[in-house]
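Below: one structure, written as C-alpha cells.
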Amino acid sequence: MSFTGEFRHTIDAKGRLIVPSRMRDELGEDVMLSRWLDDCIAIWSLEEWAAIEAKLRGQKSGSKAARRLVRRIAGSAHPDSVDKQGRITVPAHLRELAGITRDVLVVGALNRAELWNPAAYQQEQLEEGQLEELAEDLDF
C-alpha cells in the first residue's frame with residue numbers, strides 16, 4: 197500500500213470529498229479519518245488504522261504527553277465508507293481543526309492520504325527547508 201501524489205479537490209456543502217481515484221483502491225471501502233500531525237487530516241485504510249491504534253495503545257499511560265496524543269488522535273477519529281460516487285464525508289470538527297473550508301489538497305504520504313488547507317500546505321512546504329537539508333540525517 198502506497199499513497200503518492202497531490203490532488204486539488206473541493207469539499208461540498210455537506211462535507212463530502214471525492215477521493216482521488218488512484219487512492220480509492222488503496223484505501224478500500226471503509227476508512228478512518230483522524231486529526232494528524234502538522235494540522236492536517238489523515239485518511240487511513242482500516243489496516244493502516246489498526247497499526248496506528250496499536251501504537252497508540254502501546255503508549256505509556258503514565259505520560260501526560262502520551263495521554264494527550266492518544267486523546268487528540270483517537271478522540272478525533274471518524275469511521276466512514278467510500279460511497280458509490282467515490283466520496284467520503286469529512287466531519288466538520290476535522291475540517292475546522294485543519295482550516296479546510298471548500299478547497300482541499302489531497303496529499304499522498306505513503307501509508308495514508310492527508311487532507312490539507314492549500315495555503316497551510318504551501319506554508320508548510322516553505323518552512324520545511326530544502327530537500328537536501330531534510331535528507332541529511334536520513335539513510336538514503
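Counting in the working numbering, the final residue of the sequence shown is number 336, and the numbers go up one at a time with none missing.
Ideal Cβ placement from N, Cα and C applies to all residues, glycine included.
For clarity, every value in this text was computed on a predicted model and none was experimentally measured.
Asked                                                                                                                                                      : Found
Taking C-alpha atoms, which residue in Q319, N307, R212, R298 lies nearest to A238?                                                                        : N307
If I measure Cβ to Cβ from F203 and keep anything under 6 Å in the same chain, skipping five residues before and after, which residues do I get?           : P216, V302
Only counting runs of 4 or more residues, tell me where the alpha helix (DSSP H) segments fall wholly within the region 241–316, in order along the chain. : 242–253, 260–272, 288–294
Ignore the nearest five residues each way along the sequence and tell me which others in C236's own chain have a CB closer than 7 Å to its CB.             : A294, E310, L311, W312
Taking G224 and L213 to be in contact with their CB atoms under 8 Å, please state how far apart those CB atoms are, rounded to whole angstroms.            : Rounded, the Cβ-Cβ distance is 16 Å, inconsistent with contact.
What is the rounded straight-line gap between the Cα of M228 and the Cα of T285?                                                                           : 11 Å
Exposed or buried, what is E244 when buried is set at 16 or more other beta-carbons lying within 10 Å of its beta-carbon?                                  : buried
Determine whether the beta carbon atoms of D226 and S277 lie at a separation below 9 Å.                                                                    : yes
Which residues in the same chain have their Cβ closer than 8 Å to the Cβ of R283, if we skip the five residues on either side of it in sequence?           : R212, L213, I214, V215
With a threshold of 9 Å between beta-carbons, can R267 be considered close to chain B, or not?                                                             : Included in the structure is just one protein chain, with no chain B present.
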